[in-house]
Amino acid sequence: MKCKRASDGRAIDHHTLQVMRQQAVKAVREGQTVDSVAAAFGVNQRSVFRWLADFANGGQNALLAKPIPGRPSKLNGEELSWIANAVRDHSPQQFKFEFGLWTLSLIRHLIQRKFEKE
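Laid out in structure tokens, this is it:
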């Protein structure tokens, strides 16, 4: 089944979505119809109605980009960079693994071996 839209909001970065929400709410408050605003921004009418409801309940702060939830990394930036370089530039055999291709399991073992982290 083919989607009606060429793209959706999940592919747009959070700051851009925040600006879209703010501009859409402003346009409706200035008299444009929800239909025309939704068409102009390439979103569903329900999205515009949801943004309007969020604005009504929480003001401009309700339209701000929210942090993406998720478990924090157990590795710091330097460790992540080391792993990325190791996997990109070396074969598992160079790290004394028996296999020739990287798998998630092998990368996990490399992290445990190098950084003593699970």
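Counting from 0, one number per residue, gives the positions in the sequence shown under numbering that gives the first Met the number 0. Ideal Cβ placement from N, Cα and C applies to all residues, glycine included. Computed from a prediction, not measured in an experiment: that's the story for all the values here.
Query raised in the report: Which residues in the same chain as residue 50 place their Cβ atom closer than 8 Å to its Cβ, once the five residues preceding and following it in sequence are excluded?
Result: Reading the sequence shown from its first residue, position 51 is the one you call residue 50. The answer, listed in chain order, is 20, 23, 24, 62.
Requested in this report: With DSSP collapsed to three states, give me the class of residue 77.
Outcome: Here residue 77 refers to the residue found at position 78 when the sequence shown is read from its first residue. In the three-state reduction of the DSSP assignment, residue 77 falls in the helix class, which pools H, G and I.
Query raised in the report: Start and end of the alpha helix (DSSP H) containing residue 34?
Result: Here residue 34 corresponds to residue number 35 of the sequence shown, with the count starting at 1. Where residue 34 is concerned, the enclosing alpha helix (DSSP H) stretches over 33-40.
Requested in this report: Would you kindly check if the distance between the Cβ of residue 64 and the Cβ of residue 108 is under 9 Å?
Outcome: Within the sequence shown, the letter at position 109 stands for residue 108. Within the sequence shown, the letter at position 65 stands for residue 64. No, the pair does not count as a contact, with Cβ atoms beyond the cut-off.
Query raised in the report: Can the beta-carbon of residue 26 be found less than 9 Å from the beta-carbon of residue 39?
Result: Residue 26 sits at position 27 when you count from the first residue of the sequence shown. Residue 39 sits at position 40 when you count from the first residue of the sequence shown. Against a cut-off of 9 Å, the Cβ pair of residue 39 and residue 26 comes out as a contact.
Query raised in the report: Taking DSSP as the reference, what is the three-state secondary structure of residue 12?
Result: Here residue 12 is taken as the residue at index 13 of the sequence shown, counted from 1. Looking at residue 12 - three-state DSSP - the assignment turns out to be coil, as it is neither helix nor strand.
**Report entry** the stretch 103-117 / the stretch 77-84 touching (three or more Cβ pairs under 8 Å)
**Finding:** yes
Query raised in the report: Tell me which same chain residues have a C-beta within less than 7 Å of the C-beta of residue 86, skipping the five on either side of it?
Result: As a first step, residue 86 is located in the sequence shown; it is residue number 87 there, counting from the start. Here the set comprises 101, 106.
Query raised in the report: With DSSP run on the structure shown, which of helix, strand or coil describes residue 0?
Result: Position 1 of the sequence shown, counted from the start, is the residue given in the question as residue 0. Confidence at residue 0 is low in this model, with a pLDDT of 44, below 50, so its placement is unreliable and the value that follows should be read with caution. DSSP places residue 0 in coil when its eight states are reduced to three.
Query raised in the report: According to DSSP, is residue 101 helix, strand or coil?
Result: Position 102 of the sequence shown, counted from the start, is the residue given in the question as residue 101. Reduced to three states, the DSSP call for residue 101 is coil.
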